[in-house]
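In our numbering, the protein residues as written are 576 to 747.
Now the structure itself:
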């Protein structure tokens, strides 16, 4: 399987939107965003960043034959006292392509790009605890758990816990 991994280009904003909405629709327990809420927005969080090639906020994509099959976003914290850090969010690989280390590779590529940004020293990532495969990938890369937030998500009458993880530049 020939997969290319790179930053999304400005003209790929709509491809990102399609894949992002797909993941929210198909895996509601794995993401804090809600499909219906996001679908109603004219632009999703990363679309303006993709369209302007923002250096501090970007999406790494996995492509097969120019089709976007995986995404991983990086968002640098803006406030002065915390802008030495950022967060990886919206990690998703289309189910047809899961099990081929694509998730691992897009998270690693996102870390590589993020740590190139002047001043970035640490990066966090969060995972809903029922998403055990994602947690294993993050641990394999070197992320370490620093906390669990109980009952973080509430979907209907069910609650889901949230694992918070961190990696430092000198660990990569």
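Don't be surprised by glycine CBs; every beta carbon is placed ideally from N, CA and C.
Boundaries of the alpha helix (DSSP H) in which residue i is found, first to last residue
i: residue 611; result: 610-614
i: residue 712; result: 707-716
i: residue 600; result: 588-601
Host beta strand (DSSP E) of residue i (start-end)
i: residue 667; result: 660-668
i: residue 720; result: 719-730
i: residue 651; result: 642-651
i: residue 628; result: Counting along the chain, residue 628 falls outside any beta strand (DSSP E), and DSSP gives it neither H nor E.
i: residue 738; result: 733-743
i: residue 681; result: No beta strand (DSSP E) contains residue 681, which is instead part of the alpha helix (DSSP H) from 677-691.
Rounded separation between residue i and residue j - CA only
i: residue 698; j: residue 717; result: 11 Å
i: residue 755; j: residue 648; result: An answer regarding residue 755 cannot be provided, because it is not within the stretch 576 to 747 covered by the chain.
i: residue 740; j: residue 664; result: 12 Å
i: residue 747; j: residue 731; result: 39 Å
i: residue 593; j: residue 624; result: 16 Å
i: residue 755; j: residue 734; result: Because the chain in this structure spans residues 576 to 747, residue 755 falls outside the shown range and cannot be described.
i: residue 582; j: residue 633; result: 7 Å
i: residue 742; j: residue 598; result: 25 Å
i: residue 704; j: residue 585; result: 33 Å
i: residue 612; j: residue 596; result: 10 Å
i: residue 694; j: residue 635; result: 20 Å
i: residue 736; j: residue 708; result: 15 Å
Reduced DSSP category for residue i - H, G, I as helix; E, B as strand; rest coil
i: residue 701; result: strand
i: residue 635; result: strand
i: residue 579; result: strand
i: residue 671; result: helix
i: residue 607; result: coil
i: residue 618; result: coil
CB-CB length for residue i against residue j, believed under 8 Å
i: residue 696; j: residue 738; result: 21 Å between Cβ atoms; not a contact.
i: residue 637; j: residue 580; result: 5 Å
i: residue 677; j: residue 591; result: Wrong, their Cβ atoms sit about 16 Å apart, outside the cutoff.
Handout entry: Stretch-stretch touch, CB-based, cutoff 8 Å, three pairs: the stretch 717-731 with the stretch 669-677
Key = no
Problem - Cβ contact (3+ pairs, closer than 8 Å) linking the stretch 607-617 and the stretch 635-645 - result: no
Exercise for the section: Specify whether the stretch 653-660 and the stretch 588-606 touch according to this definition: at least 3 beta carbon pairs, one from each stretch, less than 8 Å apart. Expected result: no
Exercise for the section: Say whether the stretch 623-640 touches the stretch 726-736, bearing in mind that this needs 3 or more beta-carbon pairs closer than 8 Å, one atom from each stretch. Expected result: no
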